[in-house]
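Numbering (our numbering), first residue to last: 922 to 1076.
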């Protein structure tokens, strides 16, 4: 028995385990389709796909995060985010800025060129077939469910 397996947790039924495996399979397929669209747009901007996660963490309209915040969100080492930030900064897509309340910290913010890239990503994803067949209410439900899966401790 592994440390991550709770001895008191009931064993899932075969149907439950199969349903969850199918959910993961579909999530992976949809994720791969989204990744292909993102990779195409990034390629058009000359941006390596290795920095895509860091870009997603810098969503317009949100507070600029610290690199440590980005690393926590991406579940990676801060040095990985630092390397991605270096690449993005050298391309003029992000800027390191002083934290508004803690002078010891730096935040990452999209530049005007970074916002243009974000807009291209949004437009291309909107125009794609990823959301065909889902009306606005279904998209809201899907977002709520995926957010709940990503943050199970907040349910």
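Cβ coordinates follow ideal geometry from the N, Cα and C atoms, glycine included.
Counting of Cβ neighbours within 10 angstroms places residue 1057 among the exposed residues, the total staying below 16. Residue 1011 has its alpha-carbon roughly 28 angstroms from the corresponding atom of residue 953. Under the 10 Å beta carbon count, residue 975 is surrounded by 16 or more other beta carbons and is classified as buried. In terms of Cβ geometry, residue 1025 and residue 1017 do not form a close pair [threshold 7 angstroms]. When only Cα atoms are considered, residue 1035 and residue 963 end up about 11 angstroms apart. When secondary structure is reduced to three states using DSSP, residue 978 falls in the coil class, being assigned neither helix nor strand.
Beta-bridge pairing by DSSP links residue 1029 to 1017. Of the residues 958, 1003, 929, the one whose Cα lies closest to the Cα of residue 1039 is 958.
A check of alpha carbon separations from residue 997 across 1053, 938, 971, 934 identifies 971 as the nearest. Looking at the DSSP output, residue 987 bridges to 1028.
The criterion of a C-beta distance shorter than 7 angstroms is not satisfied by residue 988 and residue 981.
Here residue 934 carries a coil assignment [DSSP, helix/strand/coil].
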